[in-house]
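**Q**
Number of protein chains: 2
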Amino acid sequence: MSFPLSSSSFSDKKNAFYAQSGGAAAVLNASAAGVVAGVMAHKDKIENLYIGRNGILGALHEDMVVVNTHDDNLIDDLLHAPAGAFGSCRYKLKSIEESEREYARILEVFKAHNIGYFFYNGGGNSQDTSCKLAKYAAKKNYPLQCIGIPKTIDNDLSGTDCSPGYGSVAKYVAVSILEASMDLASMHQTSTKVFVMEVMGRDSGWIAAAAGLAADERNLGPDLIIFPEVPYEEYKFYAELNRIVARKGFCVVVVAEGVRGPDGNHLTSTANKDAFGHTQLGGAASIIAGRIREVTGHKTHFAVCDYLQRAARHIASKTDVDQSFLVGKKAVEFAANGYSNVMMAIVRESEQPYRWSVGTVPLVEAANSRNALPAGFISKCGFHITDACRRYLAPLIAGESYPSYQNGLPAYRVFNSVAVPKKLEEFTL
Amino acid sequence: MSFPLSSSSFSDKKNAFYAQSGGAAAVLNASAAGVVAGVMAHKDKIENLYIGRNGILGALHEDMVVVNTHDDNLIDDLLHAPAGAFGSCRYKLKSIEESEREYARILEVFKAHNIGYFFYNGGGNSQDTSCKLAKYAAKKNYPLQCIGIPKTIDNDLSGTDCSPGYGSVAKYVAVSILEASMDLASMHQTSTKVFVMEVMGRDSGWIAAAAGLAADERNLGPDLIIFPEVPYEEYKFYAELNRIVARKGFCVVVVAEGVRGPDGNHLTSTANKDAFGHTQLGGAASIIAGRIREVTGHKTHFAVCDYLQRAARHIASKTDVDQSFLVGKKAVEFAANGYSNVMMAIVRESEQPYRWSVGTVPLVEAANSRNALPAGFISKCGFHITDACRRYLAPLIAGESYPSYQNGLPAYRVFNSVAVPKKLEEFTL
Numbered sequence: 001m002s003f004p005l006s007s008s009s010f011s012d013k014k015n016a017f018y019a020q021s022g023g024a025a026a027v028l029n030a031s032a033a034g035v036v037a038g039v040m041a042h043k044d045k046i047e048n049l050y051i052g053r054n055g056i057l058g059a060l061h062e063d064m065v066v067v068n069t070h071d072d073n074l075i076d077d078l079l080h081a082p083a084g085a086f087g088s089c090r091y092k093l094k095s096i097e098e099s100e101r102e103y104a105r106i107l108e109v110f111k112a113h114n115i116g117y118f119f120y121n122g123g124g125n126s127q128d129t130s131c132k133l134a135k136y137a138a139k140k141n142y143p144l145q146c147i148g149i150p151k152t153i154d155n156d157l158s159g160t161d162c163s164p165g166y167g168s169v170a171k172y173v174a175v176s177i178l179e180a181s182m183d184l185a186s187m188h189q190t191s192t193k194v195f196v197m198e199v200m201g202r203d204s205g206w207i208a209a210a211a212g213l214a215a216d217e218r219n220l221g222p223d224l225i226i227f228p229e230v231p232y233e234e235y236k237f238y239a240e241l242n243r244i245v246a247r248k249g250f251c252v253v254v255v256a257e258g259v260r261g262p263d264g265n266h267l268t269s270t271a272n273k274d275a276f277g278h279t280q281l282g283g284a285a286s287i288i289a290g291r292i293r294e295v296t297g298h299k300t301h302f303a304v305c306d307y308l309q310r311a312a313r314h315i316a317s318k319t320d321v322d323q324s325f326l327v328g329k330k331a332v333e334f335a336a337n338g339y340s341n342v343m344m345a346i347v348r349e350s351e352q353p354y355r356w357s358v359g360t361v362p363l364v365e366a367a368n369s370r371n372a373l374p375a376g377f378i379s380k381c382g383f384h385i386t387d388a389c390r391r392y393l394a395p396l397i398a399g400e401s402y403p404s405y406q407n408g409l410p411a412y413r414v415f416n417s418v419a420v421p422k423k424l425e426e427f428t429l
Numbered sequence: 001m002s003f004p005l006s007s008s009s010f011s012d013k014k015n016a017f018y019a020q021s022g023g024a025a026a027v028l029n030a031s032a033a034g035v036v037a038g039v040m041a042h043k044d045k046i047e048n049l050y051i052g053r054n055g056i057l058g059a060l061h062e063d064m065v066v067v068n069t070h071d072d073n074l075i076d077d078l079l080h081a082p083a084g085a086f087g088s089c090r091y092k093l094k095s096i097e098e099s100e101r102e103y104a105r106i107l108e109v110f111k112a113h114n115i116g117y118f119f120y121n122g123g124g125n126s127q128d129t130s131c132k133l134a135k136y137a138a139k140k141n142y143p144l145q146c147i148g149i150p151k152t153i154d155n156d157l158s159g160t161d162c163s164p165g166y167g168s169v170a171k172y173v174a175v176s177i178l179e180a181s182m183d184l185a186s187m188h189q190t191s192t193k194v195f196v197m198e199v200m201g202r203d204s205g206w207i208a209a210a211a212g213l214a215a216d217e218r219n220l221g222p223d224l225i226i227f228p229e230v231p232y233e234e235y236k237f238y239a240e241l242n243r244i245v246a247r248k249g250f251c252v253v254v255v256a257e258g259v260r261g262p263d264g265n266h267l268t269s270t271a272n273k274d275a276f277g278h279t280q281l282g283g284a285a286s287i288i289a290g291r292i293r294e295v296t297g298h299k300t301h302f303a304v305c306d307y308l309q310r311a312a313r314h315i316a317s318k319t320d321v322d323q324s325f326l327v328g329k330k331a332v333e334f335a336a337n338g339y340s341n342v343m344m345a346i347v348r349e350s351e352q353p354y355r356w357s358v359g360t361v362p363l364v365e366a367a368n369s370r371n372a373l374p375a376g377f378i379s380k381c382g383f384h385i386t387d388a389c390r391r392y393l394a395p396l397i398a399g400e401s402y403p404s405y406q407n408g409l410p411a412y413r414v415f416n417s418v419a420v421p422k423k424l425e426e427f428t429l
């Protein structure tokens, strides 16, 4: 198989490099779709789109692919496939001083392939990578336009109203806890009284907060949310829980994996022993559910969402898909218009009705600060979200964007891509 | 609020009793919708539909409601709401000898409310309840037609090709593991190599088997399935796992909660200690993931689906919804035609193309045997499903049946119902 590749030998047009970085997300490929669409719309400036496999490793190892832009289904299929179609990575470039050879290698690869545009799609660490690479390229007088494309399910990127990737996890978590609460509502009289669902969020309660969207006046959704921002005082929690069970017969709890005790330590940091007598992986829900059962005597169940929550393209937020696509497309547009050293950002133009646009923020700003869950988003008692939080969150989960199905399963595509021929020696990390 | 209730005082028509029993399911209310539709179609024979709250407890406590059959949205809303709209129960009637006063009480309630039809919607224990009640009513010369409506996510009901409720869990599990496998495929090079997802199934591997539908020639879906039917020999498992990681870079595992070691004991039966030093709830995935990490050194993650899998109406199987509705509707039709002492059953008329119909099976058959996962459905090595299993399972997850959404969340209805006025003294269990 070979795809039509334009040769840049006789052109002053540059090639573009795009890669996916950090944890996977349901809508990460929607940004890739946006980048592809952007490149197709700017063929006057950009020759070819080279996609790095496994993030920045693709640049370091000169491991790049091209997709068939003449494939009519490409963009739609990318829009609907979860995770990272081209491989992502958890690999953070060290400082230029510590690891100049890596930066030099990347520029060597880019020079060999006439790459003048760098699009990096990820969270804070990825924006940091773009930022450092831009600095190094400038220092070396290598013409490279570096544009960050935001993506993190943690919603902790600064400079953007929300992070692409977050809305879909938020929707998954809210839908799941709504459904589970209906299960408890129907069963609690003779069965489980307390259900604990663990969601991601090592330091930040953004994902746990999203579960709060399912809480409604019908007594459904979560009754108590345990945020990593609020030290977990277990007896205060049991008091609340018992009050709720006495009132409505059952209690639905959401806990962030990063919950910490009053001593500041993660609940899951203590070694647990398994059936074989060996240390076992932590699991906040399991610990908390076990304790609830012991202390209150209630029958308790727990679920751990783990990767299911961030891979769940089948229940992605349409808003999130749209935003992810557009930050990708706009990244190319801004690059074509001469921008560099910026990250695309979602701008909230209006809350009710929700209106948003895509703007830019300096890369250095996105890379070096953290968008924490505002204190005003957690209720005084520490176990709920506030109305302000609800107003912020609600539009992010709005709309559905279903994949097509075949034989009962989502017809997620695995993308054929063709390797860009290597021109350089191998590189050892 | 009051709904139009027909008075049966001047009629020889009887009222019908319907209740939901056992564990909740995404499509349990679809059977309720079928019963409502059936009663509306047989007003010549059936006066009112009385729905017991919390299963058989509703009969014992004379705790019954009526729904507004003049509400045009009722059937559609029931078709799309998860769990048990009228409350379910885990309450098994003892033998008539042991607990005759309960049986007598039920007939007293039924007599007071002119109830001549008993529709009980659940799994093996529920069919057993119907069976015993039919026997007792016959002994007491009380005219009661008892019809079982099948529902269990475990797919272990005998006499029916599949159990309503199972197809939707199967679809949830297959979709979830497909998505998670794509997450690993994109991240494994620098992150998690092994993912373990725990599904329900204390004694039976039907649900774990369904995950196997996601395994495809693209190296996605589960690589290894741990069935409760196959004694878990951990070092044999590590050998397989290492082979798979060596070949494709990562390994996706599904484990049934009821996994047992070669000694026949559940892996989760040993007391685990949590961060507080107290006994913690079991969790097969957590134990197995912890051990994999220890023995192989691979970075490992795990998820526990728990109630999410059986409440997930948002990803229900259309086939399952259709079957659940029709067994409810046909139950009333068969009753109106004089049938009793039977459970509705799904009959597989043809596999490819899949065609099914609704028939009957004697209640006693459904109540007293168990539909085990056939040995021929598990591969020789014990970690996969066979082609025969795949052919059986595939049609059960076919088709989507989405709820409507409002503000990004499924618009699941909570059903207003009106209590049927009590005529008798309170009853103490």
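One line per chain: the protein sequences are L and P, in this order.
For the first sequence, the residue numbers in the UniProt record's numbering are 1 to 429.
For the second sequence, the residue numbers in the UniProt record's numbering are 1 to 429.
Ideal Cβ placement from N, Cα and C applies to all residues, glycine included.
Judging by CA-CA distance, which residue of L/111, L/60, L/167 is the nearest neighbour of residue 141 of chain L?
**A** For the purposes of this step, residue 141 of chain L is taken as residue 141 along the first sequence, with counting starting at 1. Relative to the Cα of residue 141 of chain L, the nearest Cα in the group L/111, L/60, L/167 belongs to L/111.
**Q** For the beta strand (DSSP E) holding residue 301 of chain L, just list the boundary residues, first then last.
**A** On the first sequence, position 301 is the one that residue 301 of chain L refers to. 300 to 304 is the span of the beta strand (DSSP E), which, as asked, contains residue 301 of chain L.
**Q** Note down, in chain order, every chain P residue with its Cβ under 7 Å from the Cβ of residue 171 of chain L.
**A** Against the first sequence, residue 171 of chain L aligns to sequence position 171. Correct list: 408.
**Q** Mind pulling the alpha helix (DSSP H) runs of 4 or more residues that sit fully within the region 315 to 358 of chain P?
**A** If we require 4 residues or more, the alpha helix (DSSP H) runs fully inside the region 315 to 358 of chain P come out as 318 to 336.
**Q** Note down, one range per segment and in chain order, each beta strand (DSSP E) of at least 3 residues found wholly within the region 184 to 247 of chain P.
**A** Entirely contained in the region 184 to 247 of chain P, the beta strand (DSSP E) runs reaching 3 residues are, in chain order, 194 to 199, 224 to 226.
**Q** Starting from the beta carbon of residue 90 of chain P, find every residue of chain L whose beta carbon is closer than 8 Å, and list them in chain order.
**A** Start at 1 with the first residue of the second sequence, and residue 90 of chain P comes out as number 90. The answer, in chain order, is 187, 190, 191.
**Q** Within the continuous alpha helix (DSSP H) that includes residue 28 of chain L, where are the two ends?
**A** The residue labelled residue 28 of chain L in the question sits at position 28 within the first sequence. From DSSP, the alpha helix (DSSP H) with residue 28 of chain L extends over 28 to 41.
**Q** With DSSP run on the structure shown, which of helix, strand or coil describes residue 260 of chain P?
**A** Against the second sequence, residue 260 of chain P aligns to sequence position 260. Secondary structure of residue 260 of chain P (DSSP, three-state): strand.
**Q** Could you compute how far the alpha carbon of residue 313 of chain L sits from the alpha carbon of residue 78 of chain L?
**A** Against the first sequence, residue 313 of chain L aligns to sequence position 313. Against the first sequence, residue 78 of chain L aligns to sequence position 78. Roughly 11 Å between the two C-alpha positions.
**Q** Residues bridged to residue 15 of chain L by DSSP?
**A** As a position in the first sequence, residue 15 of chain L is number 15, starting the count at 1. In DSSP, residue 15 of chain L forms a bridge with L/115.
**Q** Nearest-angstrom Cα distance between residue 90 of chain L and residue 23 of chain L?
**A** Along the first sequence, read from residue 1 onward, the residue named residue 90 of chain L stands at position 90. Along the first sequence, read from residue 1 onward, the residue named residue 23 of chain L stands at position 23. Straight-line Cα distance between these residues: approximately 7 Å.
**Q** What does the Cβ neighbour count give for residue 126 of chain P, buried or exposed, with the cut at 16 atoms within 10 Å?
**A** Position 126 of the second sequence, counted from the start, is the residue given in the question as residue 126 of chain P. Result: buried.
**Q** What three-state label does DSSP hand residue 124 of chain L in the structure shown?
**A** In the first sequence, counting from the first residue as 1, residue 124 of chain L sits at position 124. DSSP places residue 124 of chain L in helix when its eight states are reduced to three.
**Q** Looking at the C-beta of residue 178 of chain L, does it have a partner C-beta in chain P at a distance below 9 Å?
**A** Counting from one through the first sequence, the residue named residue 178 of chain L turns up at place 178. With 9 Å as the cut-off, residue 178 of chain L counts as an interface residue toward chain P.
**Q** Output, in chain order, the set of chain B residues within a Cβ distance shorter than 7 Å of residue 182 of chain P.
**A** No chain B appears in the structure shown, which is made up of the protein chains L and P.
**Q** Quick check on residue 381 of chain P: buried or exposed, where buried means 16 or more other Cβ atoms within 10 Å of its Cβ?
**A** Sequence index remark: in the second sequence, residue 381 of chain P carries index 381 (1-based). Per the 10 Å Cβ criterion, exposed.
**Q** Please report the straight-line C-alpha distance between residue 229 of chain L and residue 176 of chain L, rounded to a whole angstrom.
**A** Residue 229 of chain L sits at position 229 when you count from the first residue of the first sequence. Residue 176 of chain L sits at position 176 when you count from the first residue of the first sequence. Going by the C-alpha atoms only, they are around 23 Å apart.
**Q** Just checking: is the beta-carbon of residue 296 of chain P within a distance shorter than 9 Å of some beta-carbon in chain L?
**A** Reading the second sequence from its first residue, position 296 is the one you call residue 296 of chain P. No, residue 296 of chain P does not count as interfacial toward chain L.
**Q** Run through DSSP, which three-state label would residue 3 of chain L get?
**A** The count along the first sequence starts at 1 and reaches residue 3 of chain L at position 3. Its pLDDT being 47, under 50, residue 3 of chain L is placed unreliably in this model, and the value from its coordinates should be taken loosely. Looking at residue 3 of chain L - three-state DSSP - the assignment turns out to be coil, as it is neither helix nor strand.
**Q** Roughly how far, in whole angstroms, is the beta-carbon of residue 30 of chain P from the beta-carbon of residue 310 of chain P, given that I think they are within contact range, below 8 Å?
**A** Looking up residue 30 of chain P in the second sequence gives position 30. Looking up residue 310 of chain P in the second sequence gives position 310. Between residue 30 of chain P and residue 310 of chain P a beta carbon distance of about 14 Å is seen, past the 8 Å cut, so the two are scored as non-contacting.
**Q** Looking at residue 220 of chain L: is its Cβ nearer than 9 Å to the Cβ of residue 292 of chain L?
**A** The residue given as residue 220 of chain L occupies position 220 in the first sequence. The residue given as residue 292 of chain L occupies position 292 in the first sequence. Not a contact, by the Cβ cut-off of 9 Å.
**Q** What residues of chain P sit near residue 306 of chain L, judged by a beta carbon separation below 7 Å?
**A** As a working mapping, residue 306 of chain L is identified with position 306 in the first sequence. Within chain P, the residues near residue 306 of chain L are 301, 302, 303.
**Q** Roughly how far, in whole angstroms, is the beta-carbon of residue 324 of chain P from the beta-carbon of residue 164 of chain P, given that I think they are within contact range, below 8 Å?
**A** On the second sequence, position 324 is the one that residue 324 of chain P refers to. On the second sequence, position 164 is the one that residue 164 of chain P refers to. Confirmed, Cβ separation roughly 4 Å.
**Q** Measuring only between beta-carbons, confirm whether residue 280 of chain L sits less than 9 Å from chain P.
**A** If you number the first sequence from 1, residue 280 of chain L lands on position 280. With a pLDDT of 40 at residue 280 of chain L, under the threshold of 50, the predicted position of this residue should be treated as unreliable, though the coordinate-derived value follows. Yes - at least one Cβ of chain P is within 9 Å of the one on residue 280 of chain L.
**Q** Nearest-angstrom Cα distance between residue 156 of chain P and residue 344 of chain P?
**A** Numbered from its first residue, the second sequence carries residue 156 of chain P at position 156. Numbered from its first residue, the second sequence carries residue 344 of chain P at position 344. Residue 156 of chain P and residue 344 of chain P: Cα-Cα distance of roughly 15 Å.
**Q** Since I believe residue 47 of chain P is in contact with residue 14 of chain P (beta carbons under 8 Å), could you give me their beta-carbon distance rounded to a whole number of angstroms?
**A** Along the second sequence, read from residue 1 onward, the residue named residue 14 of chain P stands at position 14. Along the second sequence, read from residue 1 onward, the residue named residue 47 of chain P stands at position 47. The beta-carbon separation of residue 14 of chain P and residue 47 of chain P, rounded to 6 Å, stays under the 8 Å limit for a contact.
**Q** Between residue 87 of chain L and chain P, is the shortest Cβ-Cβ distance under 9 Å, so that the two count as touching?
**A** Here residue 87 of chain L is taken as the residue at index 87 of the first sequence, counted from 1. Chain P contact via Cβ: present.
**Q** Check for me: the beta strand (DSSP E) holding residue 288 of chain P runs from which residue to which?
**A** Walking along the second sequence from the start, residue 288 of chain P turns up at place 288. First-last for residue 288 of chain P: 284 to 296, but that is the alpha helix (DSSP H), not the beta strand (DSSP E).
**Q** Among the candidates L/422, L/72, L/376, L/178, whose CA atom is the shortest distance from the CA of residue 410 of chain P?
**A** Position 410 of the second sequence holds residue 410 of chain P. Considering only alpha carbons, the answer is L/178.
**Q** Runs of 4 residues minimum, wholly inside the region 370 to 419 of chain L: which ones carry the alpha helix (DSSP H) assignment?
**A** 387 to 393
**Q** Give a yes or no on contact between the region 241 to 252 of chain P and the region 185 to 193 of chain P, applying the rule of three or more CB pairs nearer than 8 Å.
**A** Touching, yes.
**Q** Examine chain P for any beta-carbon lying closer than 9 Å to the beta-carbon of residue 416 of chain L, and answer yes or no.
**A** As a first step, residue 416 of chain L must be located in the first sequence, where it is residue number 416. Taking Cβ atoms only, chain P never reaches closer than 9 Å to residue 416 of chain L, which makes this a no.
**Q** Leaving out five residues before and five after residue 361 of chain L in sequence, what residues of the same chain have Cβ atoms less than 7 Å from its Cβ?
**A** Position 361 of the first sequence holds residue 361 of chain L. 159, 160, 342, 343, 345, listed in sequence order.
**Q** Quick one: Cα of residue 428 of chain P to Cα of residue 208 of chain L, how far?
**A** Residue mapping note: residue 428 of chain P aligns to position 428 of the second sequence, counting from 1. Residue mapping note: residue 208 of chain L aligns to position 208 of the first sequence, counting from 1. Between residue 428 of chain P and residue 208 of chain L, the C-alpha separation is close to 42 Å.
**Q** The beta strand (DSSP E) with residue 46 of chain P in it runs from where to where?
**A** Here residue 46 of chain P is taken as the residue at index 46 of the second sequence, counted from 1. It spans 46 to 52 - the beta strand (DSSP E) in which residue 46 of chain P sits, taken as one unbroken run.
**Q** Identify whether residue 67 of chain L lies in helix, strand or coil by the three-state DSSP scheme.
**A** The residue labelled residue 67 of chain L in the question sits at position 67 within the first sequence. If DSSP states are grouped into helix, strand and coil, residue 67 of chain L belongs with coil.
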